[in-house]
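Input: a single structure, listed below in structure tokens.
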Amino acid sequence: MSENKDPHVAESAVEGAVESVKFVYDFTEGNRDLKDLLGGKGANLAEMTNLGLPVPPGFTISTEACKTYLDSGVEPAALRDEVSAHLDALEQRMGKTLGQADNPLLVSVRSGAKFSMPGMMDTVLNIGLSDQSVQGLAKQAGDERFAWDSYRRLIQMFGKTVLGVDGDLFEDALEAAKDAKKVAVDTDLEAADLKKLVTEFKKIVKTEAGRDFPQEPREQMDLAIHAVFDSWNTDRAKLYRRQERIPHDLGTAVNVCSMVFGNLGPDSGTGVAFTRDPASGHQGVYGDYLQNAQGEDVVAGIRNTVPLAELEQIDKKSYDQLMQIMKTLENHYKDLCDIEFTIERGQLWMLQTRVGKRTAGAAFRIATQLVDQGLIDEAEALQRVTGAQLAQLMFPRFDDSVGGKVTQIGRGIAASPGAAVGKAVFDSYTAIKWSRSGEKVILIRRETNPDDLDGMIAAEGILTSRGGKTSHAAVVARGMGKTCVCGAEELEVDTKRRRLTAPGGVVVEEGDVVSIDGSTGKVYVGEVPVVPSPVVEYFEGRMHAGADDADELVAAVHRIMAYADRVRRLRVRANADNAEDALRARRFGAQGIGLCRTEHMFLGDRRELVERLILADTDTEREESLKELLPLQKQDFIELFEAMDGLPVTVRLLDPPLHEFLPDITELSVRVALAESRKDANENDLRLLQAVHRLHEQNPMLGLRGVRLGLVIPGLFTMQVRAIAEAAAERKNAKADPRAEIMIPLVGTVQELEIVRDEADLVIAEVQAATGTDLKLAIGTMIELPRAALTAGQIAEAAEFFSFGTNDLTQTVWGFSRDDVEASFFTAYLEKGIFGVSPFETIDRDGVGKLVRDASVAGRATRPDLKLGVCGEHGGDPESVHFFHEVGLDYVSCSPFRIPVARLEAGRAASSAAGSDHR
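Written out as structure tokens, the structure is:
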């Protein structure tokens, strides 16, 4: 294809004719940059073809054809003729026709979306076999068993995928055939057995689908293509896309590829290879191989594979060629590559490659390794990792020192790292049900399949007795960041009786607690204690990345974090309310406090003082209560300023409704009623009850709180401002560098802010005069109401900074009460696709985000030096951090534990490198 042509358009043979949309592309026409059009699989098959690697000939039907089909319910009018033209070309190249009776061309029909969705969509192999052509295949191959095995696989896959027959019916028939023959694996079935099985499979199709298995090859192919299109919208595919945040409107391409066979005997086989270990990132030979098998046998985990390294003894010529191809692909893609291959009678064929999914630890190690090899630079390395992966590395791991306190019952393949503890469950339905009830569960299966996806999402970890590092369970778990142990062969999993039996007769029943270690593959009965991860120890300062005994992973994290810090523009602050949290935040890299919630300082022993403030009947009583609170608040701020010396500390004045500091109305009513029944009434309880009734609000979130408290209750905000100013003055007189900022919450109009600010300025001036200090205390506001965002230009006249309170801004923009809606209908909204993700987790760019953007522009138009930040939970959300960078905020603020994630994502947002596609 000429480089100056739009790949979507095919030139007419007649000069000047109207150009038409092109839907089908030969593998020689595409390249890896056309993933939107050809899907990841099709684009990479084309790329391997361009590199001269041994790829079976074929063609790709574009995602545009799929989208047209899904939108209209029928395939594009031109598609059939285009497919026919490409099929004719393929037949001429191969020297045989599809389903030809004496020498059939067989093809596979495989899905391939832009982003990898392992096992979520459909594939059909051996298209073109029929009652006639199976005889021709047997003669051409000189192997009757192979031909009938291929035919039974086609009927099984076609029946399940295209005709909607329950796959267990075919599996049960296959198990029955093995039982009758008294063999354990299907490779021990002979041609006569498989011929009978084909007859049985066709009966199942007739009974369950209400039609005969189609004998016409083109009908098989067309129905399979439509089935792949339809598989884009299966429940499991939609669930996976929601989980991975993949857009629903991309559609899938369809790859029609001439078949090569790994089930022709011991000199044939199929496998999956990784150019590096996807679990650890270490270089070496990693993958699985299965002799005399087709590809789905490896991925499904139905038969246990051998390590890829053993291929060197089985077929050294193919092994050496594969190693060279793996090196070529990794150097070409400059990344870990995931490869599917088949060997047909000693001939190696490449069926797929893609940038491989990897664990969080592997992502950091591989990124730094590739820098050291000179394949990528530091900017690209930063794009190869994510904040979500860093967060995974910060989770606890099992304590290796527990010794004999827990019982190890088995060991499998360490497929996806992490420490997972939960109750054993043996099917996805139970995993979902128990998880929704608050139970932590471990999903235990012989092997997983795509229908188990929702159970895998619900589980803390996955354990299978079959399969390897490339099985469905392993690939999907790594993609989701779930702990997974596969191929624990010594464990006998009985899903019908819901139990697991380990060597020595140890039985694990459903509901028993088990622990699995995805880093070592070990499986335990009972709960194994956990310890902090080495990455957290590094952030805490207890492990030095440059030490001789430094953890290799920690060194990789350190290098990438150091680069992210060098390039990021956004500063990262912490949400912290006490000195302990502030010190931890500082160790984790915080550059100040973006939100100190003073209401947390009024709990515990101080609640009584707040009660007295609320119950005060006279100005004198109120002033006495405030006078007692002042030194306590001042000491809080002294400790906080000391912990954050030299860094900004934004203190939010009291925000919540006062009734939150009073006893629960029901509890108090019962207490008063019981006291009155005993004729032992407590005067203070009566006054409290009256106050609770007086302050009761139908919707407290929109009631007397925030700036309104400071305007309605004289002296409350000025007491807090005085405490902040006196604490800052004391620290300054001690030769320290306090940088306090005072934030007024819930402002909706500039007049509210002006009144509170004028009062605050007077108090600050008094403290300066009394202490002889020059205090520079910035006064600003939280933008957490739509009106504040809409009038930001006016509010900026009285504010030196804005901090966007995106939690409340999200509630007020959407009209949601978070505590109510998340428990009631959010799940339904997510399932129906109304949300791709909760707007409380990731910023709603079109609604809340637009207000943030517009308020930032308006505020800086009024006050060019206006400092802008965000202090809602979105401040630590990776996707939201990128948005805040784009908008031009100065900082984000989040919980101490999320500070490293925000630092990393701020660096990624600032980096100009184009990131690799690892989804």
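Taking our numbering, I'd label the letters of the sequence shown as residues 390 to 1308. Just so you know, even glycine gets a beta-carbon here, dropped at the ideal spot from N, CA and C. Predicted model only: the values in this text are computed from it and were never measured.
Rounded C-alpha distance that separates residue i from residue j
| i | j | result |
| --- | --- | --- |
| Ile765 | Arg630 | 29 Å |
| Val1210 | His1082 | 26 Å |
| Ala1244 | Asp1208 | 27 Å |
| Trp738 | Gly640 | 27 Å |
| Leu679 | Gly799 | 24 Å |
| Phe730 | Lys456 | 29 Å |
| Tyr540 | Leu518 | 6 Å |
| Glu1056 | Leu782 | 44 Å |
| Leu1135 | Gly1099 | 11 Å |
| Val472 | Lys571 | 45 Å |
| Gly1236 | Glu633 | 22 Å |
| Thr486 | Ala626 | 34 Å |
| Tyr458 | Gly428 | 16 Å |
| Phe1106 | Thr987 | 11 Å |
| Ala349 | Val463 | Beyond the ends of the chain as shown, which are 390 and 1308, falls residue 349; an answer cannot be given. |
| Ala1158 | Asp788 | 57 Å |
| Arg1146 | Lys829 | 50 Å |
Cβ distance (whole Å) where residue i is taken to contact residue j below 8 Å
| i | j | result |
| --- | --- | --- |
| Leu832 | Ser854 | Leu832 to Ser854, Cβ: 12 Å. No contact. |
| Pro1289 | Leu779 | 6 Å |
| Gly876 | Gly857 | 5 Å |
| Val897 | Gly981 | About 50 Å; that fails the 8 Å criterion. |
| Ala566 | Leu586 | 5 Å |
| Gly776 | Leu1293 | 5 Å |
| Glu719 | Thr664 | 4 Å |
| Ile1053 | Ala1064 | A small fix is needed here, since residue 1053 is Asp in this sequence, not Ile. In fact, because the Cβ distance is near 16 Å, the residues do not count as touching under 8 Å. |
| Val661 | Asp677 | 6 Å |
| Thr659 | Ala616 | Their Cβ separation, rounded to whole angstroms, is 22 Å, which puts Thr659 and Ala616 out of contact at 8 Å. |
Within 8 Å, strictly: CB atoms of residue i and residue j
| i | j | result |
| --- | --- | --- |
| Gln683 | Arg542 | yes |
| Tyr1280 | Gly983 | yes |
| Met932 | Asp940 | yes |
| Gly1161 | Met1132 | no |
| Val912 | Ala813 | no |
| Pro785 | Pro921 | yes |
| Ala953 | Pro1285 | no |
| Ile1153 | Ala1112 | no |
| Ala971 | Leu1029 | yes |
| Arg1297 | Gln521 | no |
| Pro446 | Met483 | yes |
| Val760 | Ala752 | no |
| Glu589 | Ala562 | yes |
| Val882 | Gly910 | no |
| Ala968 | His947 | no |
Residue i, buried or exposed, once every other Cβ within 10 Å from all chains shown has been counted against 16
| i | result |
| --- | --- |
| Pro1253 | exposed |
| Glu929 | exposed |
| His1274 | buried |
| Val513 | buried |
| Phe1214 | exposed |
| Ala642 | buried |
| Asp841 | buried |
| Lys1023 | buried |
| Lys1124 | exposed |
| Gln481 | exposed |
| Ala466 | exposed |
| Ala749 | buried |
| Lys430 | buried |
| Gln609 | buried |
| Leu667 | For the sequence presented, residue 667 should be read as Pro rather than Leu. Pro667 is buried by the Cβ-count criterion. |
| Asp1163 | exposed |
| Ser805 | buried |
| Arg421 | buried |
| Ser1300 | buried |
| Ile1223 | exposed |
**Item:** Residue ranges of each alpha helix (DSSP H) within the stretch 399-462, 4 or longer
**Value:** At a cut-off of 4 residues, the continuous stretches assigned as alpha helix (DSSP H) that sit fully inside the stretch 399-462 are 424-439, 452-461.
**Request:** Write down every uninterrupted run of the beta strand (DSSP E) in the stretch 731-806 whose length is 3 residues or greater and which is fully enclosed by it, in chain order.
**Result:** Uninterrupted beta strand (DSSP E) stretches at least 3 residues long and entirely within the stretch 731-806 occur at 736-744, 796-800, 802-805, given in chain order.
**Message:** So within the stretch 1034-1071, which uninterrupted alpha helix (DSSP H) runs reach at least 4 residues, ignoring any that extend past its ends?
**Reply:** Qualifying alpha helix (DSSP H) stretches, in chain order: 1054-1066.
**Item:** Segments assigned alpha helix (DSSP H), at least 4 residues, entirely inside the stretch 1221-1306
**Value:** List check, alpha helix (DSSP H) in window: 1237-1251, 1267-1276, 1288-1299.
**Item:** Length at least 4, wholly inside the stretch 1112-1141: the alpha helix (DSSP H) runs in chain order
**Value:** Every candidate alpha helix (DSSP H) stretch fails here, since none sits fully inside the stretch 1112-1141 while reaching 4 residues.
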